[in-house]
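**Student:**
Written out as structure tokens, the structure is:
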């Protein structure tokens with residue numbers, strides 16, 4: 001991804017980037033290199049914003065990867081290239097966490113009339129999606145579960161997961177709906193080694209949106225992104241209409257939903273982090289805590305409104 005962008009930048013500007021190994025104690029050369037990479041950063045980020053129409057978060061990710069590459073050359077390969085890359089500012093944007101509420105997950109599990117109204121492919125996606133929502137699984141983890149990952153101990157079934165993204169290993173007890181889905185999948189697996197039949201990520205996300213739309217989760221949810229620090233309103237493709245809640249759901253919501261629900265139900269933070277793979281001081285994890293607090297505030301306000309005496313208007 002980053003290499004392709006750099007190649008496109010070189011072609012667009014008709015330049016060829018280079019990295020110099022710097023001799024020690026040459027202040028003149030150090031100054032020239034500092035200017036070179038300062039100019040690169042300004043021109044490259046401008047290219048990403050202006051030509052590629054990237055948003056702040058994406059540009060920040062690209063710059064973070066470039067910084068990591070320079071750090072690797074300097075620290076791991078012991079190549080003296082200077083520390084100019086440390087001045088590359090990494091843009092960040094707080095994107096709202098989209099997740100399902102417990103009552104929405106309960107609806108998908110328990111409403112048989114709704115389930116029967118779905119096509120076979122949507123019903124299958126619903127089961128897999130809810131399974132992921134209950135166990136905090138990523139798309140990549142779900143579709144790499146092997147039949148041999150299901151273990152039995154003391155009359156219980158467990159799912160052993162080694163997450164592809166973090167490499168962390170966790171063993172999750174299967175109960176209720178998750179056990180029902182696993183038993184159904186094992187019965188249909190036959191000689192197949194991978195437990196869940198493959199669905200492309202695009203198709204999986206498309207199905208999730210359709211399921212949510214059929215469930216009536218169509219409340220308008222304005223979608224914004226920042227470009228150069230300025231907020232831009234985004235609209236549904238090919239329209240001037242605001243995004244809806246169902247439009248914003250995807251496979252990413254599975255982990256977010258599970259983490260949010262566990263915190264809402266009082267599961268200790270260190271246990272949630274053990275399941276989710278977040279580190280103790282993870283900034284992204286504490287976004288979930290603030291999200292849970294906002295949900296609790298809303299519920300408290302609703303409860304207070306219902307318990308308040310009727311106002312008499314004179």
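Numbering (the UniProt record's numbering), first residue to last: 1 to 314. Each residue gets a CB set at the ideal place from its N, CA and C atoms; glycine is no exception.
(1) Return the bridge partner residues of residue 153 from the DSSP annotation.
(2) Cα separation between residue 234 and residue 216?
(3) Mind reading off the beta-carbon distance from residue 81 to residue 19? Whole number of angstroms is fine, and I expect it under 8 Å.
(4) So, using beta-carbon positions, are residue 219 and residue 244 closer together than 8 Å?
(5) Note down, one range per segment and in chain order, each alpha helix (DSSP H) of at least 4 residues found wholly within the stretch 219-272.
(6) Between which two residues does the beta strand (DSSP E) carrying residue 315 extend?
(7) Restricting to runs no shorter than 4 residues, where is the alpha helix (DSSP H) found entirely within the stretch 21-54?
(8) Ignore the nearest five residues each way along the sequence and tell me which others in residue 355's own chain have a CB closer than 6 Å to its CB.
(9) Would you mind giving the Cβ-Cβ distance between residue 140 and residue 205, rounded to the nearest angstrom? I have them listed as a contact below 8 Å.
(10) By a C-beta neighbour count over all protein chains shown, 10 Å radius and 16 as the cutoff for buried, is residue 17 buried or exposed?
(11) Rounded to a whole number of angstroms, what is the C-alpha to C-alpha distance between residue 125 and residue 158?
(12) In terms of residue numbering, what span does the alpha helix (DSSP H) encompassing residue 203 cover?
(13) Taking C-alpha atoms, which residue in 174, 41, 28 lies nearest to residue 9?
(14) Under 7 Å Cβ to Cβ from residue 70, same chain only, skipping five residues before and after it: list those, please.
(15) What is the residue span of the alpha helix (DSSP H) that residue 190 lies within?
(16) Once DSSP output is grouped into helix, strand and coil, what is the label at residue 161?
(17) Tell me the rounded alpha-carbon separation between residue 11 and residue 5.
(18) Name the DSSP bridge partner or partners of residue 146?
(19) Check whether the stretch 251-261 touches the stretch 90-104, counting contact only when three or more Cβ pairs, one atom from each stretch, lie closer than 8 Å.
(20) In the DSSP assignment, the alpha helix (DSSP H) including residue 2 goes from what residue to what residue?
(21) Which of helix, strand or coil does DSSP assign to residue 138?
(22) Just tell me which of 50, 77, 255, 1 has its CA closest to the CA of residue 62.
**Tutor:** In terms of the structure at hand:
(1) 156
(2) 22 Å
(3) 6 Å
(4) yes
(5) 245-248, 253-264
(6) Summary: the structure shown does not reach residue 315, with the chain confined to residues 1 through 314, and so no result is reported for it.
(7) 27-50
(8) The requested residue 355 does not occur in the structure, where the chain is confined to residues 1 to 314.
(9) At roughly 13 Å, the Cβ-Cβ gap does not stay under 8 Å, so residue 140 and residue 205 are not in contact.
(10) exposed
(11) 22 Å
(12) 201-214
(13) 41
(14) 81, 85
(15) No alpha helix (DSSP H) contains residue 190, which DSSP labels as neither H nor E.
(16) strand
(17) 10 Å
(18) 194
(19) yes
(20) 2-13
(21) coil
(22) 1
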